[in-house]
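Trainee: To start, I am sharing the structure in question, which I have written as structure tokens.
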Amino acid sequence: MAEGRDPAIRFNDDGLVPCVTQDSRSGEVLTLAWMNAESLRLTLETGEVHFFSRSRQEIWRKGETSGNTQRVVELRVDCDEDAVLALVEPAGPACHTGERTCFFRRLEDGEAPEPTAGEALPQLERTLGARASDRPEGSYTVTLLENAELAAGKVMEEAEEVTRAVREESDERVAEEAADLIYHLAVLMKSREIGLDRAMEVLNGRRG
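Be aware that the sequence shown starts at 5, since it is given in this note's numbering, and climbs by one per residue.
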């Protein structure tokens, strides 16, 4: 591992550095914008992301008009010290179009992309949040959210089915049963308003 030292940001000839923002809880990439030295200083001082608009030639605080601010959790710099990654907690959609992320279209055809494996859990949690808020009639998720004992029983049932699949069934069946377990566990945690990111933080604390 490289020896730690204070990085010195290398701004380009226009005095700018690209900054990628990433949801610190889900890992989803939200946007790409530019910073100059002053907007970077304001970001560090205020704890909220500030960018430099190349079209308007002025500094702007993310969310200053929409309210969709981005609270900084951590700033990272790349190996060449000429790009910044801002890990943030977004207070709403990152894109001016109202989309959660600015990267909501495929290059090939402009259509919405299919979620990747890494986006599955964040998408699941957003779906659970919508079910908890809207309470659609006949929803299985709502039934579980309203009966934590039932949800707990399903977690135990699905855990047993995963272990049986590992002993006796195909890899595909193991993956399917594991998905069922993860879903029911997420619902059970949602019934306590505990996000999956809390469990991930605990795992991070146990690394090594």
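Idealized CB from N, CA, C, for every residue including glycine. Predicted model, so just to flag it, every value in this text is computed and none were measured.
1. Inspect the CB distances between the segment 169-177 and the segment 118-126 and report whether three or more fall short of 8 Å.
2. Taking buried to mean at least 16 other C-beta atoms within 10 Å of its own C-beta, is GLY199 buried or exposed?
3. Quick one: using the 10 Å Cβ neighbour count with 16 as the cut-off for buried, is LYS194 buried or exposed?
4. Tell me the DSSP secondary structure of GLN127 in three-state form.
5. Assuming GLY67 and ASN40 form a contact by the criterion Cβ under 8 Å, report the distance between their Cβ atoms to the nearest whole angstrom.
6. For ARG29, which residues from the same chain have a beta carbon less than 6 Å from its beta carbon, with the 5 sequence-adjacent residues on both sides left out?
7. Find out if the Cβ-Cβ distance for the pair ALA98, THR35 is shorter than 8 Å.
8. If I measure Cβ to Cβ from SER43 and keep anything under 6 Å in the same chain, skipping five residues before and after, which residues do I get?
9. Output the boundary residues of the alpha helix (DSSP H) element that contains LEU20.
10. When DSSP labels each residue in this structure, what does GLU176 get in the three-state scheme?
Mentor: In short:
1. no
2. buried
3. buried
4. helix
5. About 19 Å separates the two Cβ atoms, so there is no contact after all.
6. ASP201
7. yes
8. HIS54, PHE55, PHE56, ILE63
9. No alpha helix (DSSP H) holds LEU20; DSSP gives it neither H nor E.
10. helix
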